[in-house]
Amino acid sequence: MTETSSNTADLRVQTLDVARRLIAERGYRDVSMRDIASAVGCSVSTLYFHFTNRDALIHTLIDEGFERWYEELQALGERHVDPLERLERIARTYVEFGLENPEMYEIMFLFHSRSMERLPRELFRRIRRSLDFTADTIRACVGEQLLSADESRPLAAAIWATLHGVVSTLLTERLDTRIDRGRYIECAVDSVLSTVLAVRDRAIN
Numbered sequence: 049m050t051e052t053s054s055n056t057a058d059l060r061v062q063t064l065d066v067a068r069r070l071i072a073e074r075g076y077r078d079v080s081m082r083d084i085a086s087a088v089g090c091s092v093s094t095l096y097f098h099f100t101n102r103d104a105l106i107h108t109l110i111d112e113g114f115e116r117w118y119e120e121l122q123a124l125g126e127r128h129v130d131p132l133e134r135l136e137r138i139a140r141t142y143v144e145f146g147l148e149n150p151e152m153y154e155i156m157f158l159f160h161s162r163s164m165e166r167l168p169r170e171l172f173r174r175i176r177r178s179l180d181f182t183a184d185t186i187r188a189c190v191g192e193q194l195l196s197a198d199e200s201r202p203l204a205a206a207i208w209a210t211l212h213g214v215v216s217t218l219l220t221e222r223l224d225t226r227i228d229r230g231r232y233i234e235c236a237v238d239s240v241l242s243t244v245l246a247v248r249d250r251a252i253n
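Here it is as structure tokens:
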């Protein structure tokens, strides 16, 4: 990589980091490309060289987050052959991922603007890979001959909703102070596993 291309790549990474932070702090409506350029220390025209507009930058941030999460899933798939063990690790790692990357998580799941351009179709496809990975793991837990892909996807989405609820409650500090944080997470993981085991028992019987 030449010095120029290296600098270009560094500027792109820096821009994404700054934009992620500013949007998490101020919200989408209150952050302009000029604000981002000022915080990065470059001209607005330089930003437009990398991103056609603010929405394209946001789409890139969303893509970045889901790509990182999908890489986590793939690593779990390689390390945990047993599907039930893999599902447990998915649940735990999801919560860890959200809590360790709050700004990224907010843009992935807690951020929405009706004025923003629709996500590109290809981005939607990449986002769905994470759901499909979890759904495939659930099918492996239950038995692929006993649970179709169409049946496993709603179950995977419901499991995601449980884990998302845990992460969003903790990130927004809405957890009842009488509840132990660690126990709260354990209950959610146990609920995920119990749900899938119950589906397996019904399918077998």
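Quick note, the numbering used here runs 48 ahead of the 1-based positions in the sequence shown.
All C-beta atoms in this analysis are idealised placements derived from N, C-alpha and C, irrespective of residue type, glycine included.
The distance from the Cβ of Arg173 to that of Asp111 is about 11 Å, inconsistent with a contact at the 8 Å cut-off. Going by beta carbons, Val240 and Ala85 fall outside the 7 Å limit.
Boundaries of the alpha helix (DSSP H) around Met152: Pro150 to Tyr153. According to the DSSP assignment, His98 belongs to the alpha helix (DSSP H) that extends over Val92 to His98. Below 8 Å, too few C-beta pairs join the region 90-106 and the region 117-124 to call them touching: fewer than three. For Val88, the enclosing alpha helix (DSSP H) has its first and last residue at Met81 to Val88.
The Cβ atoms of Pro150 and Leu95 do not sit closer than 7 Å to each other.
Taking all protein chains shown into account, Val129 has fewer than 16 neighbouring C-beta atoms within 10 Å of its C-beta and is therefore exposed.
If you draw a straight line from the Cα of Glu73 to the Cα of Glu154, it is about 10 Å long. Around the beta carbon of Phe97, a 10 Å sphere encloses fewer than 16 other beta carbons of the protein chains shown; the residue is thus reported as exposed. Pairing Leu203 with Ile186 gives a Cβ-Cβ distance under 7 Å. Around the C-beta of Val61, fewer than 16 other C-beta atoms lie within 10 Å, and the residue is accordingly described as exposed. Distances from the alpha-carbon of Val244 to those of Ile207, Ile227 and Arg222 put Ile207 closest. Counting along the chain, no alpha helix (DSSP H) covers Ile227, and no H or E run does either.
DSSP places Pro131 in the helix class (H, G or I) of the three-state scheme. Counting along the chain, Thr220 sits inside no alpha helix (DSSP H), nor does DSSP assign it H or E at all. Rounded to the nearest angstrom, the Cβ distance from Ala183 to Ser200 is 4 Å, consistent with a contact under 8 Å.
Counted as a single uninterrupted DSSP element, the stretch harbouring Leu194 is not any alpha helix (DSSP H), since DSSP gives it neither H nor E. Around the beta carbon of Arg137, 16 or more other beta carbons sit within 10 angstroms, so the residue counts as buried.
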